[in-house]
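Participant:
Number of protein chains: 2
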Amino acid sequence: MDKSSPLQLPTSNSGTTGRTRKASVPGKKIIRDLGLKVTTQRLDILEVVRSGPNHFTAQDVFETVVKRSPDIGFATVYRFLRTLTDASFVTEIRMGGMPARYEWAAKDHHDHLTCNSCGKIVEFENEEIERLQEKVALRFGFLLTSHVLELYGVCPECRQKKVSQADAENSR
Amino acid sequence: MDKSSPLQLPTSNSGTTGRTRKASVPGKKIIRDLGLKVTTQRLDILEVVRSGPNHFTAQDVFETVVKRSPDIGFATVYRFLRTLTDASFVTEIRMGGMPARYEWAAKDHHDHLTCNSCGKIVEFENEEIERLQEKVALRFGFLLTSHVLELYGVCPECRQKKVSQADAENSR
DNA sequence: CAATACATGAGAATGGATTTCATTTTCAAT
DNA sequence: ATTGAAAATGAAATCCATTCTCATGTATTG
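Line by line, the protein sequences are chains R and V. Residue 1438 in this note's numbering sits at position 89 of the first sequence, with consecutive numbering throughout. Residue 1515 in this note's numbering sits at position 166 of the second sequence, with consecutive numbering throughout.
(1) Cα separation between T1432 of chain R and P1375 of chain V?
(2) Taking the continuous beta strand (DSSP E) assigned at T1494 of chain V, which residues delimit it?
(3) Find the residues of chain R that neighbour C1504 of chain V, judging by a C-beta separation of less than 8 Å, and give them in chain order.
(4) What are the boundary residues of the beta strand (DSSP E) that I1470 of chain V is part of?
(5) Determine, using beta carbons only, whether F1411 of chain V and V1426 of chain V come nearer to each other than 9 Å.
(6) I believe L1493 of chain R touches E1483 of chain R by the beta-carbon criterion, under 8 Å. Please report the beta-carbon distance rounded to the nearest angstrom.
(7) So for I1421 of chain V, helix, strand or coil by DSSP?
(8) Quick one: which chain V residues come within Cβ less than 9 Å of N1465 of chain R?
(9) Are the CB atoms of G1401 of chain V and D1409 of chain V within a distance shorter than 9 Å?
(10) Cβ of R1399 of chain R within 9 Å of Cβ of W1453 of chain R?
(11) Just grab the DSSP bridge partners of R1450 of chain R for me.
(12) What do you get for G1502 of chain V, buried or exposed, if any count of 16 or more other CB atoms within 10 angstroms of its CB means buried?
(13) Quick check: what's the CA-CA separation for H1461 of chain R versus E1477 of chain V?
(14) Excluding the 5 residues flanking V1471 of chain R on each side, which residues of the same chain have their C-beta closer than 6 Å to its C-beta?
(15) Between the C-alpha atoms of K1377 of chain R and V1397 of chain R, what's the straight-line distance to the nearest angstrom?
(16) So is E1396 of chain R in contact with chain V if we call contact Cβ pairs under 9 Å?
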């Protein structure tokens, strides 16, 4: 593997004597707490996952990391994402036939509202729905452990576009 | 293809002069209304899909049909299931990395409560949750077209089992 | 019955995810 | 710092559900 890269990731401590910039929880700690060995690959992945956009695929992570550390492999990304998912650091959402989407789970719980036309994703949370879900589970004697609520529709912008299209067709 | 099978499926009309047993909507009509040619494969698939268990995979359908008409292919099952899904006769649910589950959609809308341990699926419907979903979509200006709500938990039986296990371990 | 547009089956291809395995790296004990 | 055992890695092979391809077969129209 190419170890020559002088790059040092922002939130990964280079020495053991901490005191870098704030850095919430250092990646090293997270990895150690999982009982795993600290490797540059895992630090890289963590860095990307925590600082990147809200939703990403394994491919996204791979492509971002590979720019810095060209010798990382798919397998490592998938493996570690899986580990993070199992440990609930990351939420994995697999819908449709498309690649799994992940997100760093430290933020508040939320569900998704996705636009069928443009793919835009809006996050929302609704206490009342959550409560009702609990209620439903309880009614059947289930202990609720998780849920997936994904709403699909057409966003305001795309609705507008569709109206314009229809107008155009009518005046043809 | 082997056309020698004397088997005639229960709900598929052999002649054009109807009057078989009740048979809600004849399969032929459904297929014709879709603008497709009526083939024995499609009739077979429809028959299985409509008379079988609530939830099934493409594989399930294939395996059931293949017993009667050994020369059917995967492709045909997948193709027709896709068609039925597009036409909203069938609902396709793809969760996790597992094969897609399908169900005949003519029944009332419902969501699912799945047991993590034994895989049991309970169907439920909750008007209030549906209403709230609409409300959420509206708040963001979306026109809601569909949703996926899947609850996961541990069913009563499996909860019981887990308690027993824990007891056993404690007394070791 | 012929013409033809559509449907089918077999197998190849796809694509995301996982596994395998030889090699490399981490890290605790020197 | 050195070392050795266990763990982690990358590359490639593999898996598996699903889709595609295409030569052949079949339903439907007239």
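All residues carry an ideal CB built from backbone N, CA and C; glycine is no exception.
Facilitator: This is what the structure gives:
(1) Rounded to whole angstroms, the separation of the alpha carbons of P1375 of chain V and T1432 of chain R is 50 Å.
(2) Its beta strand (DSSP E) spans residues 1492-1503.
(3) Chain R residues near C1504 of chain V: F1489, G1490, F1491.
(4) I1470 of chain V -> beta strand (DSSP E) spans 1470-1473.
(5) With contacts defined by Cβ atoms closer than 9 Å, F1411 of chain V and V1426 of chain V form a contacting pair.
(6) Right, their Cβ atoms sit about 6 Å apart.
(7) In the structure shown, I1421 of chain V sits in coil (DSSP, three-state: anything other than H, G, I, E or B).
(8) Simply T1494, S1495.
(9) Cβ atoms of D1409 of chain V and G1401 of chain V: closer than 9 Å.
(10) Against a cut-off of 9 Å, the Cβ pair of W1453 of chain R and R1399 of chain R comes out as a contact.
(11) Looking at the DSSP assignment, R1450 of chain R forms a beta bridge with R:T1406, R:I1442.
(12) Per the 10 Å Cβ criterion, buried.
(13) Their backbone Cα atoms lie some 18 Å apart in a straight line.
(14) The residues L1462, in chain order, have a CB closer than 6 Å to that of V1471 of chain R in the same chain once the five nearest residues on each side in sequence are set aside.
(15) Near 14 Å, if we compare the C-alpha coordinates of V1397 of chain R and K1377 of chain R.
(16) No, because no Cβ of chain V sits closer than 9 Å to the Cβ of E1396 of chain R.
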